[in-house]
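Chains as they are written, first to last, in my numbering: chain Z, 160 to 270; chain L, 1266 to 1381. Note that beta-carbon positions come from the ideal geometry of N, C-alpha and C, so glycine has one too.
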């Protein structure tokens, strides 16, 4: 069953702009992870944020987690054409080790 | 280089012809998993393994088998492939037995399977 739901489904921005992607989930989690996938290729891990954390940064990426609203956001600042990809949020419930992925957001960054 | 490898990367086969997709990781990870990715459905877990000789079903295990005889290898077996198993398949691994419950997953490059 799909737990994470990303929003929007597709996003198109100009190079240099910021991109914000959202993820909502239904049940409690141990952690939430964001992955990137370039067309037809393997997923690459971006950030893991645990349920007791509120914000994490990695380079141009910033992830926030609001467990009261069961939502997370991924912000990519100063986007580049190379950021064009699909982005997935994935949640891991507290009780088991399964990772459940959302359907993904397609980000297009125009040069 | 630390990585997860899959073979073959592309495969076209016919209904009913048994096939195996291999997966190997060189990071000494405990946890391994198989996913399939279909348009509009995202990634769905097929099977996972928390340790050698320990495997369990994911969300969509029907039509698939796995084995974990060694820590590094986790092959996916389709005994009698059908067209609805046409998909993009990913193998992934995590350092600890708790898997994604606590850790990042490292993904292989994917195997694109077409069943005619």
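What residue range is occupied by the uninterrupted beta strand (DSSP E) comprising residue i?
i	result
residue 181 of chain Z	178 to 183
residue 166 of chain Z	164 to 166
residue 1316 of chain L	1307 to 1316
residue 1377 of chain L	1376 to 1380
residue 1303 of chain L	1296 to 1303
residue 1278 of chain L	1275 to 1278
residue 269 of chain Z	264 to 269
residue 173 of chain Z	169 to 173
Between the C-alpha atoms of residue i and residue j, what's the straight-line distance to the nearest angstrom?
i	j	result
residue 1301 of chain L	residue 211 of chain Z	30 angstroms
residue 259 of chain Z	residue 1310 of chain L	8 angstroms
residue 1354 of chain L	residue 192 of chain Z	20 angstroms
residue 257 of chain Z	residue 189 of chain Z	11 angstroms
residue 1316 of chain L	residue 1289 of chain L	14 angstroms
residue 160 of chain Z	residue 1299 of chain L	Note that residue 160 of chain Z scores 45 on pLDDT, short of 50, meaning its location in the model is unreliable; the coordinates nonetheless yield the value given after this. The straight-line gap from Cα to Cα measures roughly 16 angstroms.
residue 1332 of chain L	residue 1339 of chain L	6 angstroms
residue 1374 of chain L	residue 1356 of chain L	8 angstroms
residue 247 of chain Z	residue 223 of chain Z	15 angstroms
residue 263 of chain Z	residue 242 of chain Z	14 angstroms
residue 201 of chain Z	residue 1359 of chain L	15 angstroms
residue 199 of chain Z	residue 185 of chain Z	28 angstroms
residue 1285 of chain L	residue 1328 of chain L	12 angstroms
residue 209 of chain Z	residue 170 of chain Z	26 angstroms
residue 232 of chain Z	residue 1312 of chain L	29 angstroms
residue 1305 of chain L	residue 265 of chain Z	12 angstroms
residue 219 of chain Z	residue 177 of chain Z	10 angstroms
residue 205 of chain Z	residue 1381 of chain L	36 angstroms
residue 1377 of chain L	residue 1278 of chain L	11 angstroms
residue 179 of chain Z	residue 1336 of chain L	39 angstroms
With DSSP as the reference, identify every bridge partner of residue i, one or two as the case may be.
i	result
residue 1290 of chain L	L:1269
residue 1285 of chain L	L:1342
residue 1367 of chain L	Answer is none; residue 1367 of chain L lacks a bridge partner.
residue 1362 of chain L	In the DSSP output, where bridge partners are listed per residue, residue 1362 of chain L has none listed.
Would residue i count as contacting chain B if we go by Cβ distances under 8 angstroms?
i	result
residue 266 of chain Z	You won't find chain B in this structure, because its protein chains are Z and L.
Under 9 angstroms (Cβ pairs) to chain Z, residues found in the region 1290 to 1314 of chain L: 1296, 1298, 1300, 1302, 1305, 1306, 1307, 1308, 1309, 1310, 1313
3-residue-minimum beta strand (DSSP E) runs that sit fully inside the region 184 to 257 of chain Z, ordered along the chain: 190 to 196, 202 to 209, 214 to 217, 220 to 225, 230 to 235, 244 to 251
Residues, ordered as in the chain, of the region 206 to 231 of chain Z that lie near chain L by beta-carbon distance below 8 angstroms: 207
Selection of the region 178 to 190 of chain Z by Cβ proximity to chain L, strictly under 9 angstroms: 189, 190
Continuous alpha helix (DSSP H) assignments of at least 4 residues falling wholly in the region 1310 to 1355 of chain L: none
Contact residues within the region 1316 to 1340 of chain L, judged by C-beta distance below 8 angstroms to chain Z: 1323, 1324
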